[in-house]
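Have a look at the structure below before the remarks.
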Amino acid sequence: MAQDVINAATLGSLYLLFALGMSLAWGTIGILNFAHGSIFMFSAFVCHLIVREAALPMPVAVLIGLVVGAVISVLVQVLAFEPIQRRAADHRRAELQILVGGIGMAGVLLAIAQRVTKSVPFGFSESTFRVHVYDLGFVRLSNVQIVIVVAACLLAGLAGWWLRSSRSGLALRAIGVDPEVATMMGVDRRKLAVAIMAASGGLAGVAGVLLTYYLGSIAAESGDAFLLKAFAAIVLGGVGSVGGAAVGAAILAVVETIVLVQTSGTWVDAVSFGLIFLMLLVRPRGIFGRKEVRRT
Amino acid sequence: MSYWYDAHLILIQSTFVSLLLALSIQFPLRMGVFSFAGIGSYGIGAYAAAIMTIRYSWPAFAAIGAGMVVAMVAGYLLALLVSRLDGLYLGMATIAFTLILTVVAINGGSLTGGAQGLYGAISTLQTGQVILVCAVVVVLLALSERGRMGRRIDAVREDPELAVSVGIRVIRMRRMAFVVSGALGACAGGMNALLRTTVSPDDVGFSLVVLALTMIIVGGSRSWAGALIGSVIFTWLPQVLQAVGDWQTVVYGVIVALTAVYVPSGLLGVAQNGYRRMRRRSGPVAGATEKATGSEEPGGDSAPLEPLSEDVPTGGTR
Amino acid sequence: MNTPEDAAPPAVLEAQDVAVHYGGVKAVDGFGLKLEAGRICGILGPNGSGKSTFLAAVTRLVPLTRGRLMLDGEEYHNTPAASLAHRGVARTFQTVRLLPDLTVLENIQLGADLRAGGGGVKQWFRRTAVPEAVEEAIERTGLGAVRSARPGELSYGMARRVEIARALATRPRVLLLDEPTAGMNQAERREVSQLMQKLRDEGLTQLLVEHDVPMMVDTCDRLVAMKSGELVTEGAPAEVVRDPAVQEAYLGKRGRNHA
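Residue numbers (full-length UniProt numbering), protein chains in the order written: chain U, 1 to 296; chain W, 1 to 318; chain H, 1 to 259.
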């Protein structure tokens, strides 16, 4: 039981790291990034390539993941989403195009990783970091798990603080509520969008590297599965809120762990989809979602 | 010709199946309903046709029809459930619906064959029959893009509030979109299962959602012709890209991304714009703008009591 | 509130004590009026006084918080908006809402489709719907020359006329016009006013929401003044305009600027 709690906490932290950036980008600048899963995977992949050449300690690997994720995310924003938003005739078309643009970018990243790894799972076996499992008698806890949980709490807290108190965070929230007002307030939407995409990609990169440490290795195709989990977490908690993403990730992880323990495991995937579906039916804005103020 | 036909039979069949699948997403999209339930219906249709063929030896069209009926009912019920949702949220919910069906198929025991799926759904379904079905569907959908139905679908998509004010029952139309989408998706799935004689949970996953969406956006989302263009391209592209060898998946991704960014109206839109421009050059539309009488500026000499802040004249809609 | 006048025609559409609240915002709060058969009633009120919201409530586009809506003496506050249109209530919108990809003719046909008969697959695919209603609407609004143009090619005034034509093509019994002449020049306004009066003489019941007070006085048989979602006063146009409460609420500082 205690072991399940630990596992759920780790899983939830990973979900949170991954979903947080996606949720913020969706809630503030209105970009639902379908390439987020691939950015997550690709950061770990690049990290894997580097670690293969130089035995690096874990903090450096995480930092590499963060930087790679941020860079790719910004590239996706500048190369795909920005031109789409600039040229799209209306909001709904832009949403669709951003979806497909993200899918295309994701395809490119996935294809490169698949080609190089020949679809064989990759990991950081050369890293100087060694996994230690502490046996506390009633529960086994690894140092990776501790790092993951701490990193998730720290980064989510940081993101929440940034949104709440800094000037650019306020501007971002203004954009989320009303783009026109934000523009009138003198907010440089373009710069902020790049910033949020960088932050979002960085979080995904960290999540990717940590997941790889946790599991030992991941496959190039892991991104899509995570993408769907992140939807579930976001929809559960409510789009664009840090607390929401945290609660959503926690609920998802707990329910999945329960189902995994209670059943054969083949139903686990149904949990996230079922939760998405139920939540959308019962409370489409999520637990913490604010009422959408969309002016016609 | 006949040699080519035989050599590419599978691709030809896939093209038509993909067309129906793409249409099952596109038809609701034309009404502004962003639903991927058609992909789930594809799964329903595929499994129903396979089960009916293997277990009860039903003739091909009956087996496919059974799947269509189930999918239409499921589509209607789903429409009732998700009636409050719109936009991306609706998209999410319907993706979730589709993926739940996959998990159900994996856990369906001997009925669905579990993770391996079903084999040996051998039927008499001919490629010619598939093409015929597609032709009928395309004709019906093409008709729905013209005249009264075409206008009404446009109105439901562009401005639901306006649509109800001219007496269009928007909610009913949207429900119909789910039902039609279910029928089209199930038809595609059923035909594919019988042509391949097999179906497995892997056939109906997130990747199929992605493929269908890509076909429509790249081809063009407003007309059946766009879905046709998309299904032809994405069925044959891997074949064509064999020339670039290992890099084909990368090129594939780049093409998708580029079209999404730079060709927002899809290839069909590009073709239509080109055609329109050609026609305009040969003969301008008779005095459309010139005829507009008087000044365009509000409040000039008529002195309304307040500046008309909300409705700045733009000459167009919104 | 609704004092019956002598020899007033029967009310076709009646709204009593209508309230529409959004959260704490009381967009409309206890407003009502009667549309008498074959007459033009006007709603006068400053921007933000709730006129458009009231119209949206009457046409069932927004739910009522409170109040009664009646068509021919029969309550309809649970009738869907589309059914209301089928029962002969047509409206135009404050902003131009034409479908950009359709021609002027097709936009007007959209209105006439309503009268093309009920369901049935055959009806879906009919090319033209009630061509007489469309032609009549085009002729009345003087849009003949631009029938094959697209909305993007029209001047604002012209686009507004297409709105009116679309509403007319539904062959309504009651026509609700939300600022139909906004953005039009004086000559165009006069034309709309004349059209409305002609339609009234043919028996069409109309409701006009406008800013142009002189035009309203010329056009309407009755005026209802609205402020902050509430009724200020109602009666004959000349009296309502002279009413001190209206002068203060609406005409205010700019009251002298027009004649």
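From the three backbone atoms N, C-alpha and C, an ideal C-beta is built for every residue, glycine too.
Quick caveat, the model's predicted, so the values are computed rather than measured.
Check the Cβ of Pro264/W against every Cβ in chain U and list those closer than 8 Å, keeping chain order.
-> Ile84, Arg87, Ala88, Ala89, Arg93 and Gln97
Kindly list, in the order they appear in chain W, the residues whose Cβ is closer than 8 Å to that of Gln247/H.
-> The contacting residues do not exist; Gln247/H stays about 12 Å from chain W at best.
Say whether chain H places a C-beta atom closer than 8 Å to the C-beta of Arg174/W.
-> No, its Cβ sits nowhere closer than 8 Å to a Cβ of chain H.
Are Met31/W and Met215/W close, meaning C-beta to C-beta below 8 Å?
-> no
Which residues mark the beginning and the end of the beta strand (DSSP E) in which Leu114/H is found?
-> DSSP places Leu114/H in no beta strand (DSSP E); its state is neither H nor E.
Tell me, which residues are paired with Lys51/H by DSSP?
-> DSSP lists no partner for Lys51/H.
For Phe97/W, go through chain U and note every residue whose CB falls closer than 7 Å to its CB, in chain order.
-> Phe277
Please confirm whether Ala74/W and Ile44/W have their CB atoms less than 8 Å apart.
-> yes
Closer than 8 Å at the beta carbon, the chain W residues around Met105/U = Gly253 and Ala257
Going by CA-CA distance only, name the one from Ser165/W, Phe36/W, Gly253/W and Arg281/W that's closest to Ala186/W.
-> Phe36/W
Helix, strand or coil at His48/U according to DSSP, with G and I counted as helix | helix
For Glu297/W, which of helix, strand or coil comes out of DSSP?
-> Because Glu297/W sits at a pLDDT of 37, beneath the cut-off of 50, its placement in the model cannot be relied upon, and the following sentence gives the value as read from the coordinates. In the structure shown, Glu297/W sits in coil (DSSP, three-state: anything other than H, G, I, E or B).
Out of Leu141/W, Val261/W and Gly117/W, point me to the one whose CA is closest to residue 362/W's CA.
-> The first residue shown for chain W is 1 and the last is 318, placing residue 362/W beyond what the model contains.
Which stretch, first to last residue, makes up the alpha helix (DSSP H) that contains residue 380/U?
-> Lying outside 1 to 296, the shown extent of chain U, residue 380/U is not represented and no answer is given.
Taking the alpha carbon of Asp29/H as the point to measure from, which residue in Leu61/H, Ala8/H, Thr65/H and Leu55/H has its own alpha carbon closest?
-> Of the listed residues, the one whose Cα sits closest to Asp29/H is Thr65/H.
By DSSP, does Leu125/W sit in helix, in strand, or in coil?
-> coil
Candidates Ala112/H, Thr205/H and Leu154/H: which alpha carbon is nearest Val174/H's?
-> Checked all of Ala112/H, Thr205/H and Leu154/H; the closest Cα to Val174/H is Thr205/H.
Straight-line CA distance for Val18/H to Leu33/H?
-> 9 Å
List the DSSP bridge partners of residue 265/H.
-> Absent from the model: residue 265/H. The displayed extent of chain H is 1 to 259, so no value can be given.
Can you tell me the Cβ-Cβ gap for Gly104/U and Val256/W, rounded? I've got them flagged as a contact below 8 Å.
-> 3 Å
Can you tell me which of Ser217/U, Met1/U and Gly248/U puts its alpha carbon nearest to the alpha carbon of Ser119/U?
-> When each option's Cα is compared against that of Ser119/U, the closest is Ser217/U.
DSSP-derived helix/strand/coil call for Ile218/U = strand
Are any of the Cβ atoms in chain H nearer than 8 Å to that of Ile168/W?
-> yes
Going along the chain, which residues of its own chain have a beta-carbon closer than 7 Å to the beta-carbon of Gly120/W, five neighbours each way excluded?
-> The answer, listed in chain order, is Ile54 and Thr197.
Using the DSSP secondary-structure output, state which residues sit across from Met70/H in a beta bridge.
-> Glu14/H and Glu75/H
Quick one: does Arg91/H have its CB under 8 Å from some CB of chain W?
-> yes
Around the Cβ of Asp243/H, are there at least 16 other Cβ atoms within 10 angstroms (buried) or fewer (exposed)?
-> By the neighbour-count rule (16 or more Cβ atoms within 10 Å), Asp243/H is buried.
Arg91/H, DSSP secondary structure in three states | strand
Please compile the residues from chain W whose C-beta is within a distance smaller than 9 Å of the C-beta of Thr266/U.
-> Val103, Ile106, Asn107, Gly114 and Ala115
Which residues, in chain order, does the segment 127-158 of chain W contribute to contact with chain H at a C-beta distance below 8 Å?
-> Leu143, Ser144, Arg146, Gly147, Arg148, Met149, Arg151, Arg152, Asp154, Ala155 and Glu158
Using the beta-carbon count (16 or more within 10 Å), is Ala259/H buried or exposed?
-> Residue placement at Ala259/H cannot be trusted, given a pLDDT of 39 that sits under 50; the coordinates are not used to answer.
Who are the neighbours of Leu228/U on chain W, taking C-beta pairs under 9 Å?
-> Ile95, Ala96, Leu99 and Phe206
Work out the CA separation of Leu85/W and Gly111/H for me, nearest whole Å.
-> 27 Å
My guess is that Gly38/W and Leu143/W are in contact by the Cβ rule of under 8 Å, so how many angstroms apart are they, rounded?
-> Not quite, the Cβ-Cβ distance comes to about 20 Å (not below 8 Å), so this is no contact.
Candidates Gly208/U, Gly238/U and Val239/U, of which the one nearest Ala225/U by Cα = Gly208/U
Find out if the Cβ-Cβ distance for the pair Val104/H, Ala149/H is shorter than 8 Å.
-> yes
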